[in-house]
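Below you'll find the structure, written out as structure tokens, and then a few comments.
2 protein chains.
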Amino acid sequence: MTADPSPRPQASGTSITNADPRPHVVVLGAGFAGLAAVRSLRGTDVRVTLVDRHSYSTFQPLLYQVATGALNPGDITYGARGFAAHTGASFRKGEVTTIDPEARTVSLDVGPDLHYDYLVIANGVTTNYFGVPGAAEHAFPIYTRAEALAVRDRMTSYLDHIAATGEARGASVVIVGGGATGVEMAGTLAELRNTVLPDRYPELDPAEVNVVLVEMTDKILPPFAPKLREYAAQQLRRRGVELRLESAVKEVRPDSVLLADGTELSAQMTIWATGVAAHERVKSWGLPQGRGGRIVVGGDLRVPEHPEILVAGDIGVIDDDPLPQLAQPAIQMGQHAARTIAAVVAGEPTTRFRYKDKGTMATIGRGSAVADIAHGPKLVGVLAWLTWMLVHIFALLGNRNRVFVTLGLAFRYLAQRRGQIVVGDDPG
Amino acid sequence: MTADPSPRPQASGTSITNADPRPHVVVLGAGFAGLAAVRSLRGTDVRVTLVDRHSYSTFQPLLYQVATGALNPGDITYGARGFAAHTGASFRKGEVTTIDPEARTVSLDVGPDLHYDYLVIANGVTTNYFGVPGAAEHAFPIYTRAEALAVRDRMTSYLDHIAATGEARGASVVIVGGGATGVEMAGTLAELRNTVLPDRYPELDPAEVNVVLVEMTDKILPPFAPKLREYAAQQLRRRGVELRLESAVKEVRPDSVLLADGTELSAQMTIWATGVAAHERVKSWGLPQGRGGRIVVGGDLRVPEHPEILVAGDIGVIDDDPLPQLAQPAIQMGQHAARTIAAVVAGEPTTRFRYKDKGTMATIGRGSAVADIAHGPKLVGVLAWLTWMLVHIFALLGNRNRVFVTLGLAFRYLAQRRGQIVVGDDPG
Chain A
1 MTADPSPRPQ ASGTSITNAD PRPHVVVLGA GFAGLAAVRS LRGTDVRVTL VDRHSYSTFQ
61 PLLYQVATGA LNPGDITYGA RGFAAHTGAS FRKGEVTTID PEARTVSLDV GPDLHYDYLV
121 IANGVTTNYF GVPGAAEHAF PIYTRAEALA VRDRMTSYLD HIAATGEARG ASVVIVGGGA
181 TGVEMAGTLA ELRNTVLPDR YPELDPAEVN VVLVEMTDKI LPPFAPKLRE YAAQQLRRRG
241 VELRLESAVK EVRPDSVLLA DGTELSAQMT IWATGVAAHE RVKSWGLPQG RGGRIVVGGD
301 LRVPEHPEIL VAGDIGVIDD DPLPQLAQPA IQMGQHAART IAAVVAGEPT TRFRYKDKGT
361 MATIGRGSAV ADIAHGPKLV GVLAWLTWML VHIFALLGNR NRVFVTLGLA FRYLAQRRGQ
421 IVVGDDPG
Chain B
1001 MTADPSPRPQ ASGTSITNAD PRPHVVVLGA GFAGLAAVRS LRGTDVRVTL VDRHSYSTFQ
1061 PLLYQVATGA LNPGDITYGA RGFAAHTGAS FRKGEVTTID PEARTVSLDV GPDLHYDYLV
1121 IANGVTTNYF GVPGAAEHAF PIYTRAEALA VRDRMTSYLD HIAATGEARG ASVVIVGGGA
1181 TGVEMAGTLA ELRNTVLPDR YPELDPAEVN VVLVEMTDKI LPPFAPKLRE YAAQQLRRRG
1241 VELRLESAVK EVRPDSVLLA DGTELSAQMT IWATGVAAHE RVKSWGLPQG RGGRIVVGGD
1301 LRVPEHPEIL VAGDIGVIDD DPLPQLAQPA IQMGQHAART IAAVVAGEPT TRFRYKDKGT
1361 MATIGRGSAV ADIAHGPKLV GVLAWLTWML VHIFALLGNR NRVFVTLGLA FRYLAQRRGQ
1421 IVVGDDPG
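Protein chains in written order, with the numbering used here: chain A, 1 to 428; chain B, 1001 to 1428.
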């Protein structure tokens, strides 16, 4: 590989010194896939620039704990610059506006374009409202740190409002989507309603605070084994979650959710946890797209028409055969993208990506989780819950976050009724 | 004392049941003074309603650690409803708009008026810009949680911006005010510039990132013993803080600070730490006001014209003889206000408040602080720093916050260069 063929004058002010003769790898996105790619590129003779629109990486599997006030936003985010410094990469903050595969440049909303020799597209996907009217306007996703904080802030300020005015003695939360995020939110909110609410809001009636989980298909947690799905549903019901299966959402209104069968569910807050799709912007990049707008790549994660472009994580799909949009596939794809680049740089043949399924987990509440370990046991209850805790704590970046999340979850689940909640500000 | 003379119909929806025959004490403000008052009223046969515009109490002495990314906002704030639940009080969220001493009512921005038998005004003060042109528009105070977050977010996003665009290789922060807050911010920022910045922003030149502390008088930390003041100044200079004494600020501009002598200091961010004054709104309450708009009370903290109204904390001044606007005077006044109410309820004479000065402390940076202990030693260096740490951790509310702050400060000061910073979002 050659170095940048034509160092562009407008790039002179950036951190990326074009005097470096090594091939330049630009990695878009500081999520699971992007970070895994940067880390795995360490042994390869390339210079790496990591790009993200935030200056931190978010540990998405614990966002619902931020939304429900057990953890602080800083406990599950990790500074992208610290990560870059420790892996020998550069960091550039900015949102990707355009990719020009012909010129091999990436344009950001701020600063000069980046020229690449290899590009790893790993900047993920965004909430998919599936065109449901009112969803984008009135429902709250929990996909970014700011969104999790918005849920938290909206929830406390609404409860404080009705407690102050006496306008209502209760409120309903409708969660749309019976995947892991929906189940975790529903279980946690129901538990808070049962334990913390009576202590903190004696003005309100817990019986009038409803937590409803709406799922379009006939089951929650579809990828899990039937035994685990049944356990999860039973645990949710035991906590007082109203489960509505085979219920498609027709419209989201400011204070209700309208189902396809005509039922109107009262909803002072609607949480949207149904799925993700590629950003609209991807269309303009001139790359082949499959279901949900995901970029279609070959088995070595390269785009066939542009072999210097690789895709990893939720935004990519191999031969249009989608992997689950979870941390493990993203991490493994990120690692494989680095492997492919290393092979190309060394003039060796690339290899085909094989996903090693390690299983999947979801928490319902205190002492209650399901863990579907691939080629291993199907765990429920306390054992699954402790496994979930350990796996997530180890997967976090940085010892600070590991320690803070361990303690934050310990305070949540040990203190229960008297536990301290991280209280939000008014929505800005 | 009698119960509410005329239960008002619009109050029926609130948390405050007017059927309770005990005298109703309304405490405005969940700061040091208000919380101390609520806590100290526990043995008295009254019902208590705590009011605050936020649903949490903020531990202001550590806000600068939030502004500089060592602590999360939730680590130094404590849910007001949790506090109320544990002390047998009710909580009402709302901002005080009017106090009507004749009708004995408090109006809030949300919900029905509160009727009181006794009122403890402890809702503090607000940033005082002393009429300096541009200060309110362009300078950043650090007096609330939202303000501390704004400083953090603005700082990271500005550095990321210049790193991305290459427009500048440095930036200047001017801190106005040489009291404890100003000294702590200047020392902490200079230390971050020296240790973390080179690691995280290799694009920038630490020598071009200036930290300037501007003070109008000829000394920093005016209430401290001369030996301690000299130590603090020397420690600031050793960390590379540019100290500008006897420098009054004439104007704050978007990118600079103009001094009275005509000097224009470059300032990509100006932090305002000069002092506080009562909110403008207090004027409309018809209560006697002294210097800085503080409400003038008698020795037992009652307003002479309205003995059922008591004042505690920064917003009050006894016989126009001001106490320092710090945590200790506020806490002791809050306790004394409760004592006065207990005496009146019991038909006993009230006593005069006497401030027990325990001394004062300020931190410059890692292993460096000054502690001016009243009737005790004057400490500098590591010993003062450990004392500061212990005193502040014990003063926090709740074990969760104690543990999290201990660890947050430990990670900051032990990890130093490689320490994780809580990275901000873009300013909203």
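Using N, Cα and C, we set each Cβ at its ideal position, and we do this for glycine too.
Could you tell me how far apart the beta carbons of residue 35 of chain A and residue 120 of chain A are, in whole angstroms, since I believe they sit closer than 8 Å? That pair is no contact at about 11 Å.
Where residue 1411 of chain B falls: helix, strand or coil (DSSP): Correct three-state label for residue 1411 of chain B: helix.
Note down, in chain order, every chain B residue with its Cβ under 8 Å from the Cβ of residue 150 of chain A. The contacting residues do not exist; residue 150 of chain A stays about 10 Å from chain B at best.
Pick out whichever of B:1337, B:1274, B:1294 and B:1229 has its Cα sitting closest to the Cα of residue 1302 of chain B. Per the Cα distances, B:1337.
Using a 10 Å radius around the Cβ and a threshold of 16 neighbouring Cβ atoms, would you call residue 329 of chain A buried or exposed? Taking all protein chains in view, the Cβ of residue 329 of chain A is crowded by 16 or more other Cβ atoms within 10 Å, so the residue is classified as buried.
For residue 92 of chain A, which residues does DSSP report across the bridge? DSSP, once it has assigned bridges, lists A:51 as partnering residue 92 of chain A.
Counting contacts by CB-CB distance shorter than 8 Å, is residue 1055 of chain B in contact with chain A? Yes, residue 1055 of chain B counts as interfacial toward chain A.
Cα separation between residue 271 of chain A and residue 1199 of chain B? Using only the alpha carbons, I get a separation of about 39 Å.
Flag this pair as yes or no: are the beta carbons of residue 1375 of chain B and residue 1101 of chain B separated by less than 8 Å? Taking the C-beta atoms as reference points, residue 1101 of chain B is found no nearer than 8 Å to residue 1375 of chain B.
Who does residue 143 of chain A pair with in a DSSP beta bridge? Answer is none; residue 143 of chain A lacks a bridge partner.
Can you give me the Cβ contacts of residue 1358 of chain B inside the same chain, cut-off strictly under 6 Å, excluding the 5 residues immediately before and after it? Cβ within range, chain order: 1328 and 1374.
Could you check the C-alpha separation between residue 167 of chain A and residue 122 of chain A for me, to the nearest Å? Rounded to whole angstroms, residue 167 of chain A to residue 122 of chain A spans 47 Å at the Cα level.
Identify, in the order they occur along the chain, each residue of the same chain with its Cβ nearer than 7 Å to the Cβ of residue 127 of chain A, setting aside the five sequence neighbours on each side. Here the set comprises 141, 143, 272 and 276.
Three or more C-beta pairs under 8 Å: does that hold for the segment 1305-1325 of chain B against the segment 1150-1167 of chain B? No, they do not touch.
Identify each residue in the segment 1084-1108 of chain B for which the Cβ-Cβ distance to at least one residue of chain A is less than 9 Å, and report them in chain order. Listed by position, the residues of the segment 1084-1108 of chain B near chain A (Cβ gap below 9 Å) are 1084, 1085, 1086, 1090, 1091, 1092, 1093, 1094 and 1108.
Select from the segment 1188-1219 of chain B all residues with a C-beta closer than 8 Å to any C-beta belonging to chain A, and list them in chain order. Flagged, chain order: 1199, 1200, 1201, 1202 and 1203.
So, using beta-carbon positions, are residue 1204 of chain B and residue 1163 of chain B closer together than 8 Å? For the 8 Å CB-CB criterion, residue 1204 of chain B and residue 1163 of chain B form a contact.
For residue 401 of chain A and residue 1424 of chain B, the rounded distance between their alpha carbons: Rounded to the nearest whole angstrom, the C-alpha separation of residue 1424 of chain B and residue 401 of chain A is 15 Å.
Looking at chain B, is there any beta carbon in it that lies within less than 8 Å of the beta carbon of residue 268 of chain A? By this cut-off, residue 268 of chain A is not an interface position.
Rounded to a whole number of angstroms, what is the C-alpha to C-alpha distance between residue 1056 of chain B and residue 1077 of chain B? Looking at the two C-alpha atoms, the distance is approximately 6 Å.
Nearest candidate by alpha-carbon position, reference residue 1223 of chain B, set B:1248, B:1032, B:1183 and B:1191: It is B:1183 whose Cα lies nearest to the Cα of residue 1223 of chain B.
Quick test of your reading: residue 431 of chain A and residue 378 of chain A, contact by CB under 8 Å. State the CB separation rounded to the nearest angstrom. Outside the displayed range of chain A (1 to 428) lies residue 431 of chain A, so it cannot be described from this structure.
With a threshold of 7 Å, establish whether the CB of residue 1351 of chain B neighbours any heavy atom of the ligand NAD. In the structure on display, the ligand NAD does not appear, and there are no ligands present to speak of.
Does the segment 201-215 of chain A come into contact with the segment 1128-1138 of chain B, if we say contact requires no fewer than three beta-carbon pairs (one atom in each stretch) closer than 8 Å? Touching, no, given that fewer than three Cβ pairs across the two stretches are closer than 8 Å.
Check the Cβ of residue 1161 of chain B against every Cβ in chain A and list those closer than 7 Å, keeping chain order. When 7 Å is used as the limit between beta carbons, residue 1161 of chain B is near these residues of chain A: 110, in chain order.
Cβ-based burial, residue 340 of chain A [other Cβ within 10 Å; buried from 16]: Under this definition residue 340 of chain A is a buried residue.
Tell me which residues of the segment 64-77 of chain A have at least one Cβ-Cβ distance to chain B shorter than 9 Å, keeping chain order. The segment 64-77 of chain A vs chain B, Cβ under 9 Å: 69, 71, 72, 73, 74, 75 and 77.
Determine, using beta carbons only, whether residue 388 of chain A and residue 367 of chain A come nearer to each other than 8 Å. No.
Alpha-carbon spacing of residue 1081 of chain B relative to residue 214 of chain A, whole angstroms: Each residue's alpha carbon lies about 31 Å from the other.
Please return the same chain residues whose Cβ sits closer than 6 Å to the Cβ of residue 109 of chain A, not counting the five positions on each side in sequence. Sequence-distant partners of residue 109 of chain A (beyond 5 residues in either direction) whose C-beta falls short of 6 Å from its own C-beta, in its chain, are 94, 95 and 97.
Return the first residue and the last residue of the alpha helix (DSSP H) that residue 132 of chain A is part of. From DSSP, residue 132 of chain A is part of no alpha helix (DSSP H); its letter is neither H nor E.
According to DSSP, simplified to helix, strand and coil, what is residue 1057 of chain B? Secondary structure of residue 1057 of chain B (DSSP, three-state): strand.
Mind listing, in chain order, the continuous alpha helix (DSSP H) runs of no fewer than 4 residues lying wholly within the segment 1315-1339 of chain B? Counting only runs of 4 or more, we get nothing.
For residue 1023 of chain B, name the three-state secondary structure that DSSP assigns. Reduced to three states, the DSSP call for residue 1023 of chain B is coil.
Proximity of residue 1025 of chain B and residue 1092 of chain B at Cβ, strictly below 8 Å: No; because the gap between Cβ atoms is not below 8 Å, this pair is not in contact.
Can you give me, in chain order, the residues of the segment 387-414 of chain A that have a beta carbon less than 9 Å from any beta carbon in chain B? Listed by position along the chain: 397, 398, 399, 400, 401, 403, 404, 407, 408 and 411.
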